[in-house]
Every structure is written in structure tokens, then in C-alpha cells.
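The next block holds one structure in the form of C-alpha cells; read it before the comments.
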Amino acid sequence: MGKRKISCLLGLTVIVWLMLNLAGCGRTASTPAGQDAATRTIQDMAGRTVTVPATIETAFSTSPVGAIALYALCPDKMVGWNSELRPDEKKFILPECQSLPNLGGWYAKNTGNIEELLKIHPDVIIDMGDISETNISNADKIQKQLEIPVVLVDAPVTDMDKALEFLGDLLGEKARAQELAEYCRNTIADVTARAAQIPPEQRVRVYYAEGPKGLETEPDGSRHIETLQVVGGLNVADVTEQGTGGMNAGRTPVSMEQVLSWNPEVILAWQENQGGFYQGILSDPAWQEIKAVQQHQVYRIPNAPYNWFDRPPSINRIIGFKWLGNLLYPQVFNYDMVAEVKDFYQKFYHYNLTDEQAKTLLSQKPAAN
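Mapped onto the working numbering, the consecutive letters of the sequence shown carry residue numbers 1 to 369.
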């Protein structure tokens, strides 16, 4: 009997030794020895090394650009918005997300609500947009102040698929991210191929009217004019980009005399609920000599729940490509825009539009709140 007991003890010792060693083999590069198994180390799109929870349940974005991407990808993980939702925005948002708090954000001249963020303490904070030394420094400061990991995501519109795939990997939403990324890739490829068919001499001359008087705009090279450039429109604004940085970069002031001298064929304007001057352009005598006004080619940019062209320069620009291409060159971008808008809202906003709702979004009549 003694020999049997010794044999059993030896067997148990071997089993325990094997289990411990096998557990050690199970470590991955993202969970190095000595690191808490509940965390993992990643490299964000700025090349920063960041330690994040192994499983991320909650997330917050520093700006609307990232908030829209989070909502499209995983609305159940959002903890708040960057501003109060307007009534015309809310109606396209899932009921459970409409009441999420306004936590502010770090963009333009805004600052996040530190006190509330510390209470909610999301697993991760997403800073999505341009990668710059200023943004890297700000991310480091926010991370140190809140003791919450901040992850930078590069999001040029033509690489939105890569940004979504990165977020999907980070947030444990790979399959969903792949679906959205594929849509973005296919759209960019299709739109650029169609735009390449437009002869230079047939490119439509466009003025982008920003601000409360329509006398702010964007030069070529600004990320805020990318949508126009991708679809083959010709930006008439020959100015040097100004602005204070962040979400307000650009918005370069111009004079009425400059706009008159450019004499655009088409004007794209913010809607009034975004602080724009669409109605003023139509009625102000100062604008009446411009070709676009005389030929009824002044257009409101759709912006429910967010702008399709710019500000914020988000994934909504993907449907904005199809809208603007179809507007400027309907024979080349011959989409069924009602069907396209319905498909986009179902994929990115989890919302099934009716035909009438899609037509209203595309309409040039002021939207009712």
C-alpha cells in the first residue's frame, strides 16, 4: 500500500508540473510574463505603446469623429457623446444611446468633463483623426491625468477601412469591423474609378461656404475639402489655410469680392442648424451675381445625424462621396441614391430608413426638427 501511495503522489506531482509549464507556454506577445493577464499591450496607430484591458467593455472618444465610428462599430460599448444630440440627430440613433451623457471632448476649444469621466471610467479612450505631435502630446496628457489608456487612431477618409479594422481588433469587434471596412474599401475604389473618367475641362467649379455668413472656406490640401477632391470637383478657393487647429483647422476667412471673382458653378453650404448661411446665400443681394445662385446650384449639405461632407470629417463622408458625385456628375455617378442612403444607414447607424426618410435626407428643403 505504501508503494501505491508513493506512486500516486509522484503522478500528481508530474501532472501539476505539466499544468504549470503548459500554462507558461500559453502566454502571447501581448501579455508578457509578469503582466496582469487581464491586460494586453498594443501599439496604436501613432506608434505609441499602450496597455489596455484584455477585454474592453466600455469606450469613449475624444471627438465626434471617433464617437461616430464607435457608434457604428459597437454602440453598446459607448459611455457618452461629445455634445448634446439635436432632435434631428436623435431620431436616427438607437433609443438606448440617445440618453447617453454629454461628456465633452478634446477638440476645437473643448475640454472633456474630467469629473464625469473619472466617475464612469471607461476601459479605453479613443482619439481618432489626424496623427500629429500635438495630438500625441495631448493623448499622453489625458492618459496621465485620467489614468485611462488613450489610443490614437489615424483616420484619413481614404484609409477609413484601416482605421475601422484597427478599432475592431482593439475592441473585440473584428467581424463587424470587417463588414464596415469592406464597404468603405469598395466605395472608395468605385468612386475614384468613376472620378477618373471626368475630363479635366469638365470638372465642376465648386465653392464650399462655411460659417454664419458663408465667407469661410477650405483650400486644396485641407482634410475638410477631401470629399470634393475625391469625387473630382474643382475647388475654386485659392487661399492659404488658416485656423486655430483641431476641429476648427481651416475655416479660412474670405471676402465677398473673392467669391464673386471665383464665380463658382456650384455652392455647397452648411445648414442653418449647423450654423450655416444656406438661406442667406439664396436671398442676400450680395450673392445674386454668382453663377451658382443664378442657376439654382446652391446645395445644403445633408447633416442628420452628422454631416456627410465635413465637420466632423467622419465616416459619413463615405456616403457623402456618393451623394456629391451624383450631385455634380449624375451621368458618371449614376447611383440609386435612395437605395444607397438606406444601405449606409442600416450598416453604420443600425437604422432602417423608409424611402421617404431617405428622400428627405437627400432633399434640398430645410429639415424639420
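For glycine and all other residues, C-beta sits at the position ideal for the given N, C-alpha and C.
Item: I think Leu328 touches Val204, with their Cβ atoms under 8 angstroms apart; what is that distance to the nearest whole Å?; Value: 5 angstroms
Item: Do you know how far the Cα of Ile93 is from the Cα of Tyr349?; Value: 7 angstroms
Item: So, Thr187 versus Asp310, is the Cβ gap smaller than 8 angstroms?; Value: no
Item: For Ile120, collect the residues of the same chain with a Cβ closer than 6 angstroms to its Cβ; drop the 5 residues on either side in sequence, then sort them by chain order.; Value: Val79
Item: Could you give the distance in angstroms between the alpha-carbon of Pro156 and the alpha-carbon of Asp130?; Value: 7 angstroms
Item: Quick one: what does DSSP say Tyr306 is sitting in, helix, strand or coil?; Value: coil
Item: Using C-beta distances below 6 angstroms, list every residue in its chain close to Ala193, excluding the 5 sequence neighbours before and after it, in chain order.; Value: none
Item: Could you spell out where the beta strand (DSSP E) holding Val151 opens and where it closes?; Value: 150-154
Item: Going by C-alpha to C-alpha distance, which of Thr62, Asp355, Asp76, Glu241 sits closest to Gln143?; Value: Thr62
Item: Alpha carbon to alpha carbon, how far is His224 from Asn375? Give it in angstroms, no decimals.; Value: Since the first and last residues shown for the chain are 1 and 369, residue 375 lies out of range.
Item: Quick one: using the 10 Å Cβ neighbour count with 16 as the cut-off for buried, is Ile114 buried or exposed?; Value: exposed
Item: Taking the beta carbon of Asn102 as the centre, do at least 16 other beta carbons fall within 10 Å, making it buried, or is it exposed?; Value: exposed
Item: Between the C-alpha atoms of Ser222 and Asp169, what's the straight-line distance to the nearest angstrom?; Value: 29 angstroms
Item: Check whether the Cβ atoms of Val338 and Ile319 sit closer than 8 angstroms, and answer yes or no.; Value: no
Item: Rounded to the nearest angstrom, what separates Asp355 and Asp336 at their Cα positions?; Value: 11 angstroms
Item: Would you decide whether Ser283 is buried or exposed? Buried here means 16 or more other CB atoms lie within 10 Å of its CB.; Value: exposed
Item: Which of the three DSSP states, helix, strand or coil, is assigned to Leu268?; Value: strand
Item: What alpha helix (DSSP H) runs, 4 residues minimum, are completely inside the segment 186-258?; Value: 226-230
Item: Suppose you measure from the CA of Met160 to the CA of Gly105; what does that come to, to the nearest Å?; Value: 21 angstroms
Item: Could I get the ranges of all uninterrupted alpha helix (DSSP H) runs contained in the segment 98-136, with 4 residues as the minimum, in chain order?; Value: 114-120
Item: Mapping the DSSP letters down to three states, classify Ser283 as helix, strand or coil.; Value: helix
Item: Would you check if there are 3 or more beta carbon pairs closer than 8 angstroms linking the segment 50-60 to the segment 269-277?; Value: no
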